[in-house]
Amino acid sequence: MSGLPTLDITALGREGDGIAHAGGAAMFVPFALPGETVRAAPDGGLPEVLRASPERV
Numbered sequence: 001m002s003g004l005p006t007l008d009i010t011a012l013g014r015e016g017d018g019i020a021h022a023g024g025a026a027m028f029v030p031f032a033l034p035g036e037t038v039r040a041a042p043d044g045g046l047p048e049v050l051r052a053s054p055e056r057v
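The opening residue of the sequence shown carries number 1 in UniProt numbering; numbering runs sequentially from there.
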């Protein structure tokens, strides 16, 4: 999984995806929560959670 972007999720989008910013663009990451650091999946699948949000159960 190396070479994939590591993203800090800062908010939730209207459809529940986590929002991160990279390279001046917003990125929508499914199944990610604000406060998490994730490694995005290239196919839009489950991200690898590197640092979980305290809200995750």
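Positions of the beta carbon are idealized from the N, C-alpha and C atoms, including for glycine.
{"Asked": "Range covered by the beta strand (DSSP E) that runs through V38", "Found": "T37 to R39"}
{"Asked": "Distance between beta carbons of L33 and I9, contact taken as under 8 Å", "Found": "6 Å"}
{"Asked": "Where V38 falls, given that 16 or more other Cβ within 10 Å makes a residue buried", "Found": "buried"}
{"Asked": "Entirely enclosed alpha helix (DSSP H) segments - the segment 3-54, minimum 4 residues", "Found": "none"}
{"Asked": "Cβ-based burial, A20 [other Cβ within 10 Å; buried from 16]", "Found": "buried"}
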